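Same order as they appear, the protein sequences are chains A and B. This note's numbering puts the last residue of the first sequence at 497; the count rises by one with no breaks. This note's numbering puts the last residue of the second sequence at 192; the count rises by one with no breaks.
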Amino acid sequence: MSLSIAFLLAMTFLISVGGLALLVWALANDQFGMGQQAAETIFAPGEVGEVEDPATPSAARAVMQNARKAAHQASDSEELFERTIADQSSRMPVLFWLSSSMVWLLLGSVFGVIASIKLHLPDWLVQEAVLTFGRIRPAHLNVVAYGWASMAGVGVGLWLIPRLFKTALVGGHYAIAGGLIWNAGLIFGTAAILAGLSDGLEWLEFPWQTDIALVIGGALAAVPLILTLIKKRVGHLYVSAWYLIAALVWFPMLFVTANIPNLFVGVDQAMLNWWFAHNVLGLWMTPLGLAAAYYFIPKIIGKPIRSYGLSLIGFWALALFYSQVGLHHLIGGPVPTWAVTISIVHSVMMVIPVIAVAVNHHMTMLGSFRLMLYSPTLRFVVLGAMMYTFASVQGSMEALRSVNTITHFTHYTVAHAHMGLYGFLSFVLFGSVYFILPRLLDWEWPHAWAISLHFWLVFVGWGIYFWPLTLGGWLQGLAMLDPARSFMESVS
Amino acid sequence: MSHEPRDNPAQHREQREPEELHTPIGWPLLVVFLGIIAWGAFYYFHDLLSATGATSEAGDRRSVVVVDPTAKADGAAVYAGNCAACHQATGMGLPGAFPPLAGSEWVLASKDIPIQILLHGMSGPITVKGSLYAGVMPAFAQLEDAEIAAVLTHVRKSWGNAAAEITADDIASGRKAFADKSTPWSEAELKDKVGAP
Ligand code: HEM
């Protein structure tokens, strides 16, 4: 490795670590000016709708203050009013994105099941090229990633925005238009994959022409975020808002860069491919899921999040370290060693934000775990948050060369992918949908048993999927590494 | 939006909007963070030092077989490196795709036949042990004479096969016999020009 590359690498690492150290220092010294008091002025329960008119003489203010304290009930009804306004304003766009996502979830799952059966019965449905594994599998991936996870994530995000900013959603019709265009992009993209017109890069199979629809649709969905942000009626942005804003900034940057045709070729293209593919998980889907988890956990148990400092570390460490981890998908490939090394180091650095978020979520839950028995939303979301911790730590381990030699090219990776996208993100999204829909549709869930059934089916189903593939994948990897055993033995 | 806010029971039951406390991060967690950063720095510099000047550690080294051209070629190693991917370590091939070498009449036939298959490759239908295969067998003319001789001897004496040894000289004369041939053999052509098994 040449000295200049080594220097650049050292800088990447040092800048990220330095940024984090600065953050911890600033927190320790309360540089944000967001001490206990500041945060509570905006947030604390009895003070919603606080008398904040600077022109009021202080004596008068104190009197009004006391009056308000006495009429505690009033603050609740004020919150209730804000919440009603928020939900009314986001109703149509949220319903549109969520219901679209459910259609895609169904379709994507059908593709998934077909692909899975094909792994057992390779001769099933091979008469038509459309139905072959090489087309069904990428169709599955793109439909669940961009159809289900992204659309449901945006739907939940659109619902969170007015709630977080305590104001009506502004420009909801842009989001509806965006949803229509996004759906059109998905339809054409999926059809193109099935017709064999794939771009041939994993996670980027949609032809670039249809990607334009996703870019426009996504941009339109971000318009209400910005318009509402301008009108926000809170001084301090709650952590969920940071993740939402960041996700909606990062995704277009990633998606546009990665889809410009012929920007890179050869090894560079592979590197761009995995830079994108991992970031779409880490800088798009993960923040969407975390935004929801950060909102619903305290919301349902009625306790504040444990530590603002941990929220900050969790967010900024993710922002600093995640974007360099993609090349851990190419360990052992024909890419420069230094690039792989930096991706491995940063993959392990990701343990920092993951622990920060995990401690923040689970310490908040401490003492309230019993509530998971009663609230389906909580059950899905908290379990999802636990799976986030698990998936991420597992991912960091998988990035180590010694582990990756075994797990790469095996079902272990596939199990990990479903730990992340299913166990974490989909669980959180399921929980969110159970919370959101009654508030938008003005009805109650008619059958509690159906929700329980749903939970146990996905929980058990996911377990049947994850554990055998993890274990089998590991054995498969060991068998492939053993020169004395034939390749067939590793897959049979 | 100017809808009249409706009364929704779910909204009544809700807890307040979430907020954050300011519980300090706590030193145990900071120590863990520092440990992770220290590991990162170590891994990075370790890798940096070992990678400078030395040959790269990266890469998939599982199937690399280093064949010393001066030494007597090792038939088993040549087989593992060049043939096992298709004909499998067991010599049994893959049903329907790659024919077996164990017990194959083509392997056990007069030595010119396997030699010519290796030097020029084969394509199109071929019947091996009563089953029909139709694939492409690449040519291995790029290997040294000693290597081809060693791998064929290995194949002819493994998995219950027992046929005569093949020498590097046999390969050299095999190369001369069809020096002008540039296309792979078909079953019919092989039978016609070299002999039937
Ligand atoms: C700290 C966080 C994470 C790290 C370091 C990490 C690391 C990895 C590694 C090393 C692989 C295997 C690459 C290979 O050998 O083929 C992988 C695959 C994958 N991961 Fe993660 N992961 C993390 C979090 C997540 C999360 C949160 C999700 C889902 C939201 C996720 C979804 C996936 C998927 C879908 C794949 C499969 C990619 C493919 O082959 O198509 N990961 N990850």
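Here a beta-carbon is modelled for each residue, glycine too, at the ideal position from N, C-alpha and C. Keep in mind the model is a prediction, meaning the values are calculated, not measured.
*Please classify B:V131: does DSSP put it in a helix, a strand, or coil?*
The residue labelled residue 131 of chain B in the question sits at position 136 within the second sequence. Here B:V131 sits in strand by DSSP.
*Have a look at B:F173, B:A172, B:A174 and B:H149 and flag the residue whose alpha-carbon is nearest the alpha-carbon of B:T162.*
If you number the second sequence from 1, residue 162 of chain B lands on position 167. Among B:F173, B:A172, B:A174 and B:H149, the Cα nearest to that of B:T162 is on B:H149.
*Taking Cβ positions only, does B:Y38 come closer than 8 Å to chain A?*
Taking the first residue of the second sequence as position 1, residue 38 of chain B is located at position 43. Yes - at least one Cβ of chain A is within 8 Å of the one on B:Y38.
*What are the boundary residues of the beta strand (DSSP E) that includes B:G119?*
Indexing the second sequence from 1 puts residue 119 of chain B at position 124. Element bounds for B:G119: M117 to V123.
*With distances taken Cα to Cα, identify the nearest neighbour of B:E9 among A:I302, A:Q481, A:S316 and A:V359.*
Start at 1 with the first residue of the second sequence, and residue 9 of chain B comes out as number 14. Nearest in C-alpha terms to B:E9, of all of A:I302, A:Q481, A:S316 and A:V359, is A:I302.
*Select from A:W164, A:E87 and A:F211 the residue whose C-alpha is nearest the C-alpha of A:W102.*
Taking the first sequence and counting its residues from 1, one reaches residue 102 of chain A at position 97. Nearest C-alpha to A:W102: A:W164.
*asked:* Let me see if you follow: with CB-CB separation under 8 Å, is A:M495 close to chain B or not?
replied: In the first sequence, the residue the question calls residue 495 of chain A occupies position 490. The question names Met, yet the displayed sequence has Ser at residue 495 of chain A. False, the Cβ-Cβ gap to chain B never drops below 8 Å.
_Residues bridged to A:S312 [DSSP beta-bridge criterion]_ = The sequence position of residue 312 of chain A within the first sequence is 307, counting from 1. Per the DSSP secondary-structure output, A:S312 pairs in a beta bridge with B:H17.
*Please report the residue range of the alpha helix (DSSP H) in which B:K171 lies.*
Along the second sequence, read from residue 1 onward, the residue named residue 171 of chain B stands at position 176. B:K171: member of the alpha helix (DSSP H) spanning A163 to A172, first to last residue.
*Below 8 Å on the Cβ atoms is my guess for A:I141 versus A:I119; work out the distance and round it to an integer in Å.*
As a working note, residue 141 of chain A is residue 136 in the first sequence. As a working note, residue 119 of chain A is residue 114 in the first sequence. Sure, about 5 Å apart at Cβ, within 8 Å.
*Determine the closest residue to A:G478 out of A:Y417, A:A455 and A:S457, with distance taken between C-alpha atoms.*
Against the first sequence, residue 478 of chain A aligns to sequence position 473. Out of A:Y417, A:A455 and A:S457, A:Y417 has the C-alpha closest to the C-alpha of A:G478.
_For B:S181, three-class secondary structure by DSSP_ = Numbered from 1 along the second sequence, position 186 holds the residue referred to as residue 181 of chain B. Reduced to three states, the DSSP call for B:S181 is coil.
_Sheet register partners of B:S126 (DSSP bridge)_ = Here the question's residue 126 of chain B lines up with position 131 in the second sequence. Paired residue(s): B:V123.
*Tell me, please, whether the CB atom of A:R88 is closer than 8 Å to any CB atom in chain B?*
What you label residue 88 of chain A is simply residue 83 of the first sequence in a count that begins at 1. Yes, contact with chain B.
*Distance, Cα to Cα, A:V386 vs B:F93?*
In the first sequence, residue 386 of chain A corresponds to position 381, counting from 1. In the second sequence, residue 93 of chain B corresponds to position 98, counting from 1. Taking the straight line from one Cα to the other gives about 51 Å.
*Are the C-beta atoms of A:R168 and some chain B residue less than 8 Å apart?*
If you number the first sequence from 1, residue 168 of chain A lands on position 163. For A:R168, the nearest beta carbon of chain B is closer than 8 Å to its own beta carbon.
*For my contact list, A:G177 and A:P98 are in at a C-beta cut-off of 8 Å; report their separation, rounded to the angstrom.*
Taking the first residue of the first sequence as position 1, residue 177 of chain A is located at position 172. Taking the first residue of the first sequence as position 1, residue 98 of chain A is located at position 93. Taking the Cβ atoms as the reference, A:G177 lies roughly 4 Å from A:P98, within the contact range of under 8 Å.
*What are the residues that DSSP puts in a beta bridge with B:L89?*
Taking the second sequence and counting its residues from 1, the one referred to as residue 89 of chain B is at position 94. According to DSSP, which records beta bridges pairwise, B:L89 is partnered with B:F93.
*How close, in whole Å, do the beta carbons of B:E12 and A:S312 come, if the pair is a contact with beta carbons under 8 Å?*
Counting from 1 along the second sequence, the entry for residue 12 of chain B is found at position 17. Counting from 1 along the first sequence, the entry for residue 312 of chain A is found at position 307. Contact check for B:E12 and A:S312: beta-carbon distance about 18 Å, past the 8 Å limit, so the pair fails to qualify.
_Quick check: the region 183 to 190 of chain A against the region 241 to 256 of chain A, are at least 3 beta-carbon pairs closer than 8 Å?_
A contact between stretches requires three or more CB pairs, one per stretch, nearer than 8 Å, and the region 241 to 256 of chain A fails this requirement with the region 183 to 190 of chain A.
*Nearest candidate by alpha-carbon position, reference A:L283, set A:G400, A:S21, A:M392 and A:I20*: In the first sequence, counting from the first residue as 1, residue 283 of chain A sits at position 278. Before going on, a small fix: residue 283 of chain A reads as His here, not Leu. Selected option, being the one with the closest Cα: A:G400.
*May I have the straight-line CA-CA distance separating A:L206 from A:E494, to the nearest angstrom?*
Taking the first residue of the first sequence as 1, we reach residue 206 of chain A at position 201. Taking the first residue of the first sequence as 1, we reach residue 494 of chain A at position 489. In a straight line, the C-alpha of A:L206 is about 29 Å away from that of A:E494.
_Contact residues within the region 85 to 110 of chain B, judged by C-beta distance below 9 Å to chain A_ = For the region 85 to 110 of chain B, the beta-carbon criterion of a distance under 9 Å to any beta-carbon of chain A is satisfied by T85, M87 and L89.
_Own chain, CB closer than 7 Å to A:A227, minus 5 neighbours either side, in chain order_ = Here residue 227 of chain A refers to the residue found at position 222 when the first sequence is read from its first residue. For A:A227, where only same-chain residues beyond five positions count, the Cβ hits under 7 Å are L253.
*Please confirm if B:Q137 has its CB atom under 8 Å from at least one CB of chain A.*
Counting from 1 along the second sequence, the entry for residue 137 of chain B is found at position 142. No, B:Q137 lies away from the interface with chain A (no Cβ there is under 8 Å from its Cβ).
*Which residue comes first and which comes last in the alpha helix (DSSP H) that contains A:P127?*
Within the first sequence, the letter at position 122 stands for residue 127 of chain A. Neither: A:P127 is in no alpha helix (DSSP H) and is coded neither H nor E.
*chain B beta carbons: is any one of them nearer than 8 Å to that of A:L480?*
Against the first sequence, residue 480 of chain A aligns to sequence position 475. Answer no: the Cβ-Cβ gap between A:L480 and chain B never drops below 8 Å.
*Determine whether the Cβ of A:D92 lies closer than 8 Å to any Cβ atom of chain B.*
Locating residue 92 of chain A in the first sequence gives position 87, counting from the first residue. So, interface residue.
*For A:R142, name the three-state secondary structure that DSSP assigns.*
The count along the first sequence starts at 1 and reaches residue 142 of chain A at position 137. Helix.
*For B:F103 versus B:F135, is the C-beta spacing smaller than 8 Å?*
Numbered from 1 along the second sequence, position 108 holds the residue referred to as residue 103 of chain B. Numbered from 1 along the second sequence, position 140 holds the residue referred to as residue 135 of chain B. The residue you asked about is not Phe; residue 103 of chain B is Leu in the sequence shown. The beta carbons of B:L103 and B:F135 sit no closer together than 8 Å.
*Same chain only: Cβ atoms within 8 Å of A:G117, ignoring 5 sequence neighbours per side*: Here residue 117 of chain A refers to the residue found at position 112 when the first sequence is read from its first residue. Once the five neighbours on either side are set aside, the close Cβ partners of A:G117 are H145 and V149.
_Suppose the cutoff is 8 Å on Cβ atoms and the five residues either side in sequence are ignored; what does the same chain contact list for B:G190 look like?_
Sequence index remark: in the second sequence, residue 190 of chain B carries index 195 (1-based). Once the five neighbours on either side are set aside, the close Cβ partners of B:G190 are A104, S105, D107 and I108.
*Would you say B:N3 faces chain A, with C-beta separation under 8 Å as the test?*
Here residue 3 of chain B refers to the residue found at position 8 when the second sequence is read from its first residue. With 8 Å as the cut-off, B:N3 counts as an interface residue toward chain A.
*Starting from the C-beta of B:Q83, find all residues in its chain whose C-beta is less than 7 Å away, skip the five residues before and the five after it, and write them out in chain order.*
If you number the second sequence from 1, residue 83 of chain B lands on position 88. Once the five neighbours on either side are set aside, the close Cβ partners of B:Q83 are L89.
_Please confirm whether A:P381 has its beta-carbon closer than 8 Å to some beta-carbon of chain B._
Looking up residue 381 of chain A in the first sequence gives position 376. Not closer than 8 Å to any Cβ of chain B, the Cβ of A:P381 fails to qualify, so no.
*Roughly how many angstroms separate the alpha carbons of B:E182 and A:T137, rounded to a whole number?*
To locate residue 182 of chain B, count along the second sequence from 1; it is residue 187. To locate residue 137 of chain A, count along the first sequence from 1; it is residue 132. C-alpha separation (whole angstroms): 32 Å.
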